[in-house]
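Number of protein chains: 2
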Amino acid sequence: MGKIVAEISVSLDGYVAGPSPTLENPLGEGGDQLHEWVFPLKSWREPHGLPGGETGPDDELVAESLRATGAVVMGRRMFSGGEGPWENDTNANGWWGDDPPFHKPVFVLTHHAREPLVMEGGTTFTFVTEDLENAIEDARAAAAEQDVLIAGGADAIDQSINAGLVDELLLHLAPVLLGGGARLFDGVGPAVPRFEVTQVLESPLVTHLRYRAVRA
Amino acid sequence: MGKIVAEISVSLDGYVAGPSPTLENPLGEGGDQLHEWVFPLKSWREPHGLPGGETGPDDELVAESLRATGAVVMGRRMFSGGEGPWENDTNANGWWGDDPPFHKPVFVLTHHAREPLVMEGGTTFTFVTEDLENAIEDARAAAAEQDVLIAGGADAIDQSINAGLVDELLLHLAPVLLGGGARLFDGVGPAVPRFEVTQVLESPLVTHLRYRAVRA
Chain A
4 MGKIVAEISV
14 SLDGYVAGPS
24 PTLENPLGEG
34 GDQLHEWVFP
44 LKSWREPHGL
54 PGGETGPDDE
64 LVAESLRATG
74 AVVMGRRMFS
84 GGEGPWENDT
94 NANGWWGDDP
104 PFHKPVFVLT
114 HHAREPLVME
124 GGTTFTFVTE
134 DLENAIEDAR
144 AAAAEQDVLI
154 AGGADAIDQS
164 INAGLVDELL
174 LHLAPVLLGG
184 GARLFDGVGP
194 AVPRFEVTQV
204 LESPLVTHLR
214 YRAVRA
Chain B
4 MGKIVAEISV
14 SLDGYVAGPS
24 PTLENPLGEG
34 GDQLHEWVFP
44 LKSWREPHGL
54 PGGETGPDDE
64 LVAESLRATG
74 AVVMGRRMFS
84 GGEGPWENDT
94 NANGWWGDDP
104 PFHKPVFVLT
114 HHAREPLVME
124 GGTTFTFVTE
134 DLENAIEDAR
144 AAAAEQDVLI
154 AGGADAIDQS
164 INAGLVDELL
174 LHLAPVLLGG
184 GARLFDGVGP
194 AVPRFEVTQV
204 LESPLVTHLR
214 YRAVRA
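Laid out in structure tokens, this is it:
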């Protein structure tokens with residue numbers, strides 16, 4: 004069985020999106036700075052259907068994460084930005100167009116039931132109206148021997164940690180202060196797991212920090 | 004002229020002390036985990052008058068920071084835990100006994116005026132009732148060509164960042180989630196400086212992250 008990995012880019016002050024997010028700018032003010040490191044990479048460009056891109060240690064880390072991942076879990080806002088029923092949602096099929104960059108099963112946490120969406124390129128979106136643990140269980144089954152990636156947002160990651168389900172945290176720490184926004188780990192606790200660092204990879208735009216949950 | 008360096012140990016979820024701090028346990032619940040990495044080091048033990056200790060990359064980083072520092076600035080609670088006038092304060096001369104581990108001039112931000120305290124071993128405590136910028140200016144004069152260290156708490160560091168005075172951030176990131184407490188960077192913004200990473204040093208108990216403020 005694979006690991007359950009929570010992976011997200013985060014600012015120095017702990018935000019995964021900046022203040023005042025909108026449908027046009029879902030990452031909030033300054034939030035794009037969290038992801039500047041990833042856009043030039045070959046391993047980011049390729050699944051987005053873009054040619055070329057940088058190789059090197061950052062790229063290899065992302066490529067390895069993609070290779071290891073068999074299924075993805077994400078929150079509703081990360082999927083579409085929407086909050087209401089799907090028929091009101093301008094991004095009802097997600098942000099990514101007809102051929103999303105996942106190319107594997109994606110499980111979306113939502114309060115609004117909906118039939119699965121089969122997209123081009125191997126991405127399927129399955130909508131889970133039960134709790135997070137059910138979504139992770141479904142993703143585990145779909146991932147078989149591979150890892151399940153909890154891709155965000157902050158709430159989904161916090162809940163996964165609180166449920167004791169996260170085996171590994173992979174944080175991409177960007178050297179920016181956002182001064183507000185959606186905070187990672189804000190909903191964690193009161194009982195918190197122990198972690199130990201297993202990898203630190205430095206690069207100019209980001210520090211990658213990998214932690215393993217230590218279970219008694 | 005030296006740099007102004009803000010240096011502090013911080014949890015993965017951004018706290019510099021845990022929840023429910025008391026005079027007996029000023030670091031709050033779990034807050035001691037933030038500092039476990041430093042206690043075994045020779046460079047920590049020596050200024051505390053203790054023999055022996057570990058050497059190696061962590062130790063060298065701490066030793067280098069101590070060598071570079073000419074004066075220290077800290078908030079009142081970091082000095083004594085107290086909030087009221089000094090005569091009510093059980094740690095009125097600080098937490099550290101007659102021979103504090105600083106061995107250099109320390110400037111304490113406070114609302115309550117007081118004569119300077121000359122301690123054993125070269126530590127002097129000067130109490131600054133004006134604003135943070137005055138305290139930093141006094142520390143700069145005392146440090147001469149050496150660095151000024153803003154040692155905490157979170158408020159003092161946040162204010163220094165907001166005033167545009169921090170040249171360097173040195174974070175000791177401990178792989179723990181505290182789930183509450185005193186949050187670093189909570190008072191930062193809305194205008195936030197840019198930083199770039201200049202050093203990452205990995206060790207089992209902590210990741211040292213050094214950032215340089217980028218000025219236009």
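Just so you know, the sequences run in chain order A and B.
Using this note's numbering, read the first sequence as starting at 4 and increasing by one per residue.
Using this note's numbering, read the second sequence as starting at 4 and increasing by one per residue.
For glycine and all other residues, C-beta sits at the position ideal for the given N, C-alpha and C.
Since this is a predicted model, take the numbers as computed values, not measurements.
Distance, residue j Cα to residue i Cα
i: L120 of chain B; j: N91 of chain B; result: 17 Å
i: L181 of chain A; j: V151 of chain A; result: 29 Å
i: W89 of chain A; j: P193 of chain A; result: 34 Å
i: A185 of chain B; j: G184 of chain A; result: 18 Å
i: K45 of chain B; j: T58 of chain B; result: 6 Å
i: R3 of chain B; j: T129 of chain A; result: Any property of residue 3 of chain B remains undetermined from this structure, which presents chain B solely from 4 to 219.
i: F110 of chain A; j: I160 of chain A; result: 14 Å
i: A71 of chain A; j: Q202 of chain A; result: 16 Å
i: N137 of chain A; j: E205 of chain B; result: 36 Å
i: G167 of chain B; j: V19 of chain B; result: 21 Å
i: A216 of chain A; j: T93 of chain B; result: 40 Å
i: E99 of chain B; j: T210 of chain A; result: Glu is not the amino acid found at residue 99 of chain B; the sequence shown has Trp there. Those two C-alpha atoms are separated by around 35 Å.
i: V191 of chain B; j: V179 of chain A; result: 11 Å
i: N28 of chain A; j: V169 of chain B; result: 30 Å
i: L173 of chain A; j: E86 of chain B; result: 39 Å
i: N96 of chain B; j: S83 of chain B; result: 7 Å
i: M4 of chain A; j: P24 of chain B; result: 41 Å
i: V195 of chain B; j: E67 of chain A; result: 34 Å
i: L64 of chain A; j: A177 of chain A; result: 16 Å
i: L53 of chain A; j: A219 of chain B; result: 33 Å
i: M122 of chain B; j: V75 of chain B; result: 15 Å
Secondary structure of residue i, DSSP reduced to three states
i: A230 of chain B; result: Residue 230 of chain B is absent from the model: chain B starts at 4 and stops at 219.
i: F130 of chain A; result: strand
i: L103 of chain A; result: Leu is not the amino acid found at residue 103 of chain A; the sequence shown has Pro there. P103 of chain A falls in the coil class under three-state DSSP.
i: R70 of chain A; result: helix
i: L168 of chain B; result: coil
i: R60 of chain A; result: Inspection of the sequence shows that residue 60 of chain A is occupied by Pro rather than by Arg. Three-state result, P60 of chain A: helix.
i: R186 of chain B; result: strand
i: R197 of chain A; result: strand
i: L44 of chain B; result: strand
i: A219 of chain A; result: coil
i: V191 of chain A; result: coil
i: P178 of chain A; result: coil
i: P50 of chain A; result: coil
i: L15 of chain B; result: coil
One or two residues paired with residue i in a DSSP bridge
i: Q36 of chain A; result: For Q36 of chain A, which the question treats as bridged, DSSP gives no partner whatsoever.
i: I153 of chain B; result: B:A9, B:V76
i: V209 of chain B; result: B:S206
i: L26 of chain A; result: Answer is none; L26 of chain A lacks a bridge partner.
i: V121 of chain A; result: A:T127
Test item: CB-CB of residue i and residue j under 9 Å
i: H175 of chain B; j: V8 of chain B; result: no
i: Q229 of chain B; j: G73 of chain B; result: The shown model of chain B, from 4 to 219, leaves out residue 229 of chain B, and the question about it has no answer.
i: V200 of chain A; j: P60 of chain B; result: no
i: G17 of chain A; j: F188 of chain B; result: yes
i: P22 of chain B; j: E32 of chain B; result: yes
i: T132 of chain B; j: D102 of chain B; result: no
i: K6 of chain A; j: E171 of chain A; result: yes
i: G55 of chain B; j: D62 of chain B; result: no
i: A222 of chain A; j: P108 of chain A; result: With chain A covering 4 to 219 only, the question about residue 222 of chain A has no answer from this structure.
i: R143 of chain A; j: L112 of chain A; result: no
i: L30 of chain B; j: F198 of chain A; result: no
i: I2 of chain B; j: M77 of chain B; result: Shown here, chain B extends from 4 to 219; a query on residue 2 of chain B therefore has no answer.
i: P104 of chain B; j: P43 of chain B; result: no
heavy atom of the ligand SAH below 8 Å from residue i C-beta
i: G55 of chain A; result: In terms of ligand content, the structure shown is empty, and the ligand SAH therefore cannot be addressed.
Could you say if the stretch 112–132 of chain A and the stretch 25–44 of chain A meet the contact criterion of at least three C-beta pairs nearer than 8 Å? no
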